[in-house]
Amino acid sequence: MIPTNAYLLTEAASGNAVLVDAPLGIWDLVEPILVREGCRLEALWLTHGHWDHTQGAAEVVRRSGAQVSGHRADQPLYETPEIMRDLSPDGIPLEAVKVDHWIGDGDRLEALGREVRVGHVPGHCPGSLMFYFPTEKVVFGGDALFKGSVGRTDFPGGDAAVLQNSIRTRLYTLPDETVVLAGHGRATTIGDEKRFNPYVRG
Ligand SMILES: [Zn+2]
Ligand SMILES: [Zn+2]
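Numbering (the numbering used here) for the sequence shown: 5 to 206.
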């Protein structure tokens with residue numbers, strides 16, 4: 005319905021895979037890649053509870069058994085997606101997502117043979133999370149920070165001042181060369197956004 009990014013991370017050595025966000029229908033794209041790479045999807049990490057990032061999640065879990073992680077502040081959105089009815093296109097199926105692990109700021113995950121650092125970046129959504137891979141210097145930031153833009157804050161639970169603070173304290177404190185893979189649009193880097201982002205200057 006709207007183009008949302010999901011990211012599939014696979015590691016051939018362990019045969020494990022992690023999916024970041026689950027737009028509607030994502031399983032049909034993910035499954036052939038898992039088969040080709042010989043990987044099993046062990047985890048689904050949700051950057052936040054908006055429908056465009058979650059409405060493929062229930063199917064992913066049914067088909068793969070992946071464990072789902074998210075932030076508890078978005079529990080109502082995950083468990084009662086009808087809340088988003090007014091914010092979603094007519095006729096889109098809204099299916100609840102069962103989150104297995106509530107995670108939050110400062111948590112460290114062990115995934116794909118690496119340490120992954122979790123950050124809480126509220127403002128676009130109360131339960132917005134980022135997932136930072138320090139070895140690769142890559143961050144999956146959801147809808148907090150985009151190339152040349154930031155997440156909308158006019159949805160319920162949104163707060164522009166809170167989002168600015170999240171970006172300054174959690175994202176802009178990462179190394180400049182860190183690649184930002186966002187929930188919409190193209191990749192950017194922390195350094196570029198600190199220099200050029202018109203909404204939040206570094
Ligand atoms: Zn969103
Ligand atoms: Zn989104």
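Built from N, CA and C at the ideal position, the CB exists for glycine as well.
By the neighbour-count definition (other C-beta atoms within 10 Å, threshold 16), ALA17 is an exposed residue.
With 16 or more other Cβ atoms inside 10 Å of its own Cβ, VAL120 counts as buried. Beta-bridge pairing by DSSP links TRP31 to no other residue. Between GLY195 and PRO138, the alpha-carbon positions lie close to 16 Å from each other. HIS75 is not a Cβ neighbour of HIS128, given a cutoff of 8 Å. As a beta-bridge residue in DSSP terms, THR14 pairs with ALA21.
The set of residues with any CB-heavy atom separation to ligand 2 below 6 Å comprises, in chain order, THR8, HIS54, ASP56, HIS57, ASP147, GLY187, HIS188.
The segment 77–86 makes contact with the segment 98–112; the number of CB pairs closer than 8 Å reaches 3 or more. In the structure shown, GLU140 falls within a coil segment according to DSSP collapsed to helix, strand and coil. ASP94 and SER73 do not touch by the CB rule: their CB atoms are close to 30 Å apart, not below 8 Å. Of the residues assessed, ALA165 falls on the exposed side of the cut-off, its CB having fewer than 16 other CB atoms within 10 angstroms.
As computed with DSSP, GLN71 is found in a beta bridge with ALA47.
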